[in-house]
Each structure stands twice: as C-alpha cells, then as structure tokens.
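What follows is one structure encoded as structure tokens, with my remarks underneath.
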Amino acid sequence: MIDVKLFEKILSDLIKSESGIRKVILVDRTGLTIAHASKFSYYPVDIDGIGAIASAVFVASEEQGKNLDIGELMLVTSEFEQGKIFAASCGKGVLCVITDSDVNIGMVRLLMKRAATELEKVLDEFLSEQTTLPATEEKTREKLKSALDKLEEF
Amino acid sequence: MISQKWIKDTIERLSSHKGVKGVVITSAEGIPLSSTLSSDETEKIAAFVTSIVDKAKKIINELGTGKLNFLTVDASKKELLIAPEKDYILVVLR
Amino acid sequence: MKKDKDGRVHFKIIFWGPSLSGKTTSLRWIYSNVSGLSKGGFTSIEDPTGRTLYFDYTPLSASGDVIFDVYTVAGQKRHKHQRKIILQGVDGIIFVADSDPSQLDANEESMEELKELLKDRLGTEVPLVIMINKRDLPNAADKEEILEKLNIATMDVPIYETIATKGIGIKRAFQAIAREVLLRKLYNLKTMT
Ligand SMILES: Nc1nc2c(ncn2[C@@H]2O[C@H](COP(=O)(O)OP(=O)(O)OP(=O)(O)O)[C@@H](O)[C@H]2O)c(=O)[nH]1
Ligand SMILES: [Mg+2]
Numbered sequence: 026m027i028d029v030k031l032f033e034k035i036l037s038d039l040i041k042s043e044s045g046i047r048k049v050i051l052v053d054r055t056g057l058t059i060a061h062a063s064k065f066s067y068y069p070v071d072i073d074g075i076g077a078i079a080s081a082v083f084v085a086s087e088e089q090g091k092n093l094d095i096g097e098l099m100l101v102t103s104e105f106e107q108g109k110i111f112a113a114s115c116g117k118g119v120l121c122v123i124t125d126s127d128v129n130i131g132m133v134r135l136l137m138k139r140a141a142t143e144l145e146k147v148l149d150e151f152l153s154e155q156t157t158l159p160a161t162e163e164k165t166r167e168k169l170k171s172a173l174d175k176l177e178e179f
Numbered sequence: 030m031i032s033q034k035w036i037k038d039t040i041e042r043l044s045s046h047k048g049v050k051g052v053v054i055t056s057a058e059g060i061p062l063s064s065t066l067s068s069d070e071t072e073k074i075a076a077f078v079t080s081i082v083d084k085a086k087k088i089i090n091e092l093g094t095g096k097l098n099f100l101t102v103d104a105s106k107k108e109l110l111i112a113p114e115k116d117y118i119l120v121v122l123r
Numbered sequence: 547m548k549k550d551k552d553g554r555v556h557f558k559i560i561f562w563g564p565s566l567s568g569k570t571t572s573l574r575w576i577y578s579n580v581s582g583l584s585k586g587g588f589t590s591i592e593d594p595t596g597r598t599l600y601f602d603y604t605p606l607s608a609s610g611d612v613i614f615d616v617y618t619v620a621g622q623k624r625h626k627h628q629r630k631i632i633l634q635g636v637d638g639i640i641f642v643a644d645s646d647p648s649q650l651d652a653n654e655e656s657m658e659e660l661k662e663l664l665k666d667r668l669g670t671e672v673p674l675v676i677m678i679n680k681r682d683l684p685n686a687a688d689k690e691e692i693l694e695k696l697n698i699a700t701m702d703v704p705i706y707e708t709i710a711t712k713g714i715g716i717k718r719a720f721q722a723i724a725r726e727v728l729l730r731k732l733y734n735l736k737t738m739t
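Residue numbers (this note's numbering), protein chains in the order written: chain G, 26 to 179; chain U, 30 to 123; chain A, 547 to 739.
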C-alpha cells in the first residue's frame with residue numbers, strides 16, 4: 026500500500042521552497058482532487074471545485090494542442106492582477122500551483138518540474154492500486170453498503 | 030530597453046572576454062531571455078539568481094543602503110557576477 | 547470509482563442531454579433542496595445568458611466516505627470537445643431529455659453522441675437513468691415518442707418523468723443512478739427495475 030503521506034510531503038516541500046507560492050493542488054485528468062496544500066488558510070476555499078476547474082482547463086488546453094498539432098502540453102500559466110496560476114502535467118495527474126503576482130516564475134517552473142517528476146512516480150503507483158482495489162476489498166464494500174443504505178434516507 | 034539585437038551583442042561581447050565560462054540574461058521574473066549554456070543549466074541559474082537578487086534587494090532596503098548595483102558570488106569552482114537592472118538580470122560565470 | 551488520498555471513494559455522475567433540457571436546473575435543485583446530503587461548493591462555468599459553457603460540478607455525499615462527484619455537461623452542439631473531456635472517468639449517466647416537441651431530434655442527437663463516445667459501456671459498465679423532463683409543458687411530446695427516438699429499448703434503464711423547475715422526480719432519478727452505480731460496484735449486477 027502506498028503511503029499517502031508522500032503526496033503531502035512533496036506538496037508541502039514545494040510550497041515551502043518558494044515564498045510566493047500560496048497553494049498547491051494535485052488533480053487527476055477526470056477532475057478529482059487527489060491532494061492539496063496551502064500556506065494560508067485564513068479564508069475557506071472550495072478546493073474540490075478549484076481542482077475540477079484546474080483539471081478541466083488543463084485537459085482542454087491539451088485538447089487544443091492536439092487540434093492544432095503543436096505537440097504535448099508542458100505548462101499552462103494564467104496571469105491575474107493579484108496572482109498567477111501554473112499547471113503542469115505530471116503523468117496521469119496535473120500539478121497546479123497558485124502564487125502571488127510578483128513571484129519568481131523561473132523558480133516556480135523549476136520547482137514544479139522537479140516535483141512533477143517525483144509525483145509522477147507516486148501517482149502512477151497510487152492509481153494502479155486503484156484498479157486492483159475494487160469491491161473485493163472488505164473495507165470498501167462496507168463503505169459502499171452503508172452509502173447504499175443512506176441513499177434511501179435522504 | 031532590451032531588444033533582440035542588444036541581447037545578442039551583449040552576449041557576444043561578454044563571452045569573448047577571457048575566462049568567461051557562460052553568460053545568462055534573465056527577466057526580473059526569473060525567465061531566461063538568452064544564454065550560452067544548456068537549457069537545464071540556464072533555467073536553474075535564472076531561477077536561483079533571481080531569488081538571490083530579490084533577497085539582496087530586500088536586505089538593502091531594510092538597511093537603507095541605497096540601490097543594489099552588483100552582486101558577486103565567489104565559489105571554489107566558479108564565480109558568478111550578477112548585474113541586476115530594472116527589467117532584467119545579467120549573469121556572467123567565470 | 548476512485549479513492550482519494552483520505553480513502554474516500556468517489557463516483558463520477560454526469561447529467562447529459564441536449565441544450566436547455568434542464569440539466570443545470572436539476573443539479574441546482576438537488577443542491578439547494580435535498581436534505582440529508584452533505585455538500586461541497588457549487589462550481590459553474592456558464593456563458594452570460596446562463597447556459598453551461600463547460601460544466602457544473604458539485605460533490606454530494608450521503609455517508610461521508612462515499613462521494614458522488616456530480617457534473618452537468620454543456621448541451622449546445624458546439625461544446626462537443628468539452629463534453630468529451632468531462633466524460634472521462636464517468637461512473638453513471640443521467641440523461642435529461644426535453645419534452646418540448648421541437649426537441650425530439652435534439653434528444654436523439656445527444657443520445658447518439660453519448661452512445662458513440664461510450665460505445666458498449668453505456669448501460670452496462672456505465673449505468674444509465676433517463677429523465678423525461680419538462681412534463682409540465684402543455685404541448686409536451688408523448689413519452690413513448692420521446693423514448694422511441696432515444697432508441698434504448700434494448701437497454702433496461704430506469705425512466706423518470708420529471709419537472710426540474712419544481713423538483714418533481716429529480717431526487718428519485720438521482721437516487722436511482724446512485725443506487726445503480728453502487729450496486730454495479732458491489733455485486734457487479736444490474737438492479738431490477
Ligand atoms: N417548463 C419547464 N422548464 C424547465 C424545466 N426544467 C428546466 N426548465 C427551463 O429550461 C431552461 C434551461 O434549463 P437549464 O437547466 O439551464 O438547461 P441545461 O440543460 O443546463 O442547458 P445547457 O447548459 O445549455 O446544456 C431554463 O429556463 C429552465 O428554467 C421543466 O421541467 N419545465
Ligand atoms: Mg446547463
């Protein structure tokens with residue numbers, strides 16, 4: 026079983042290594058938020074919603090690249106008045122970094138590239154375990170059964 | 030202002046000096062503009078030099094010692110000469 | 547089905563159907579009116595007229611450790627690429643058909659596209675539930691006529707007549723797809739309908 030703390034460690038190392046980074050999110054290509062880390066959580070944000078958009082935007086850009094036949098997508102940068110969003114491919118996932126507007130872009134790219142290589146490996150393992158886990162696993166079955174019972178109640 | 034021509038001339042001029050091992054010009058945001066080195070090395074230098082320039086500027090600001098003109102990083106194998114300008118940073122490896 | 551790093555199980559459910567058939571209205575109704583479901587935020591990417599441009603998304607959960615990530619797609623024809631992207635990783639589909647007689651062909655086209663994208667996984671690996679929406683329209687088309695156009699007679703799918711604006715039938719349709727999806731995973735079976 027893969028240690029999910031590894032995700033957290035890679036993400037929090039990334040966030041700590043550059044002062045301008047506010048938030049890091051790891052999503053898969055179907056919109057699911059797998060892990061995230063934040064520097065300031067003063068105000069609540071809807072991480073799952075942000076992750077869903079991050080994934081959809083990245084995959085849409087990828088699709089656009091295919092339509093235009095300009096190769097693989099490396100990095101999406103979105104610049105806002107008060108911040109920047111970077112998204113990079115990491116194997117089956119997308120790594121998304123939210124920063125201040127005056128951040129050292131070169132550093133963010135470099136750090137993302139490094140983290141992405143690390144994450145790619147961990148993620149591959151994490152996702153390949155999923156295919157072997159389905160309903161045969163007792164704990165999962167219990168969860169699904171209780172969800173089924175709850176369904177009738179709402 | 031930085032133009033393609035200016036960048037090209039500067040790189041040529043500096044790298045023709047004796048003992049110069051490489052020249053990198055990066056934007057103030059750490060994005061490499063031009064370089065005589067491999068792209069991996071260039072990216073690394075651009076990122077870290079920008080970071081050290083940002084820190085040095087903060088220090089100078091705190092100490093009230095005016096404007097940052099020049100930085101030298103002297104290491105056992107190489108020396109980095111760093112000239113931070115308004116829109117770009119010029120780095121010479123020696 | 548997927549697990550996140552906290553061990554919660556996720557299922558992706560998608561409201562599919564032609565533009566203006568009532569997908570967003572349905573999901574919003576569930577989001578604001580169904581009690582007993584814990585909810586996250588509601589994310590929408592829509593154009594200035596309120597039509598979906600990319601998707602709506604909200605995570606819904608009845609039991610905490612099983613989460614239904616519910617999406618609606620953009621029904622307008624030109625958003626085909628976006629629909630294809632949202633369809634990635636789908637676990638169950640609620641098809642929202644429009645009862646307006648002028649939309650019979652639009653219903654058909656939308657279903658054809660879905661069949662083309664999911665191939666024989668539709669109705670088997672990916673369960674399907676049909677909502678025949680806007681039953682309140684005075685000139686609503688015949689239920690049989692609508693179903694015939696959808697050409698799903700060979701599939702054994704639950705069908706609900708609904709009015710999304712009033713929330714009629716919506717909860718039951720959602721429960722049906724959630725049940726199908728869970729049972730499929732648990733017993734690898736289809737429910738009796
Ligand atoms: N009369 C009636 N109108 C409905 C019903 N459901 C939805 N509508 C109306 O139909 C219009 C379109 O509804 P939406 O939910 O935005 O449609 P959609 O399927 O999300 O459309 P796209 O985002 O373009 O794919 C709105 O004006 C709704 O109020 C219904 O059951 N009866
Ligand atoms: Mg909509």
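C-beta: ideal position from N, C-alpha, C; glycine also.
Keep in mind the model is a prediction, meaning the values are calculated, not measured.
Considering just the uninterrupted stretch of the beta strand (DSSP E) at G/PHE105, what are its terminal residues?
100-105
State the DSSP-derived secondary structure class of U/THR55, mapped to helix, strand or coil.
strand
Below 6 Å CB to CB, which residues in the same chain sit around A/ARG554 once its five sequence neighbours on both sides are set aside?
ASP611 and ILE613
Residue range of the beta strand (DSSP E) that A/MET701 falls in?
Segment: none, A/MET701 is in no beta strand (DSSP E) and carries neither H nor E.
List the residues of chain U that G/ILE130 touches, going by C-beta distances under 7 Å, in chain order.
The answer, in chain order, is GLU58, GLY59 and ILE60.
Could you check the C-alpha separation between G/LYS138 and U/LYS73 for me, to the nearest Å?
11 Å
For U/PRO113, which of U/THR39, U/SER44, U/GLU41 and U/ILE54 has the nearest alpha-carbon?
U/ILE54
Can you pull the chain G neighbours of A/PHE601, defined as C-beta to C-beta under 8 Å?
ALA77 and ALA81
Quick check for students: name the residue ranges of the alpha helix (DSSP H) that lie wholly in the region 621-699 of chain A, counting only runs of 4 or more.
Taken in chain order, the complete alpha helix (DSSP H) segments of 4 or more residues contained in the region 621-699 of chain A are 626-633, 650-664 and 689-696.
From this set, U/SER44, U/THR94, U/GLY59 and U/VAL120, which residue's C-alpha is nearest U/LEU100's C-alpha?
U/VAL120
Helix, strand or coil for A/SER584 per DSSP?
strand
If you follow the beta strand (DSSP E) that A/LYS717 is in, where does it begin and where does it stop?
Careful: A/LYS717 lies outside any beta strand (DSSP E), inside the alpha helix (DSSP H) at 716-733.
DSSP has U/PRO113 in a bridge; who is on the other side?
U/ILE118
Looking at chain G, is there any beta carbon in it that lies within less than 8 Å of the beta carbon of U/ARG76?
First, the residue type needs correcting, since residue 76 of chain U is Ala and not Arg in the sequence shown. Chain G contact via Cβ: present.
Restricting to runs no shorter than 4 residues, where is the alpha helix (DSSP H) found entirely within the region 41-99 of chain G?
72-93
Quick one: does the C-beta of A/ASP593 sit closer than 7 Å to a heavy atom of ligand 2?
no
Under 9 Å Cβ-Cβ, which residues of chain G neighbour U/THR79?
ASN129, ILE130, GLY131 and MET132
Spatial neighbours of G/SER126 within its chain, please: C-beta separation below 8 Å, excluding the five flanking residues on both sides.
Correct list, in chain order: GLU104, PHE105, GLU106, GLN107, GLY108 and LYS109.
Could you check if G/GLU154 is buried or exposed, using at least 16 other CB atoms within 10 Å of its CB as the buried criterion?
exposed
Ligand 2 and A/LYS569: does any heavy atom of the ligand fall closer than 7 Å to the residue's C-beta?
Under cutoff, so the answer is yes.
Quick check on A/ILE716: buried or exposed, where buried means 16 or more other Cβ atoms within 10 Å of its Cβ?
buried
Would you report the Cα separation of G/THR165 and A/LYS549, rounded to the nearest angstrom?
10 Å
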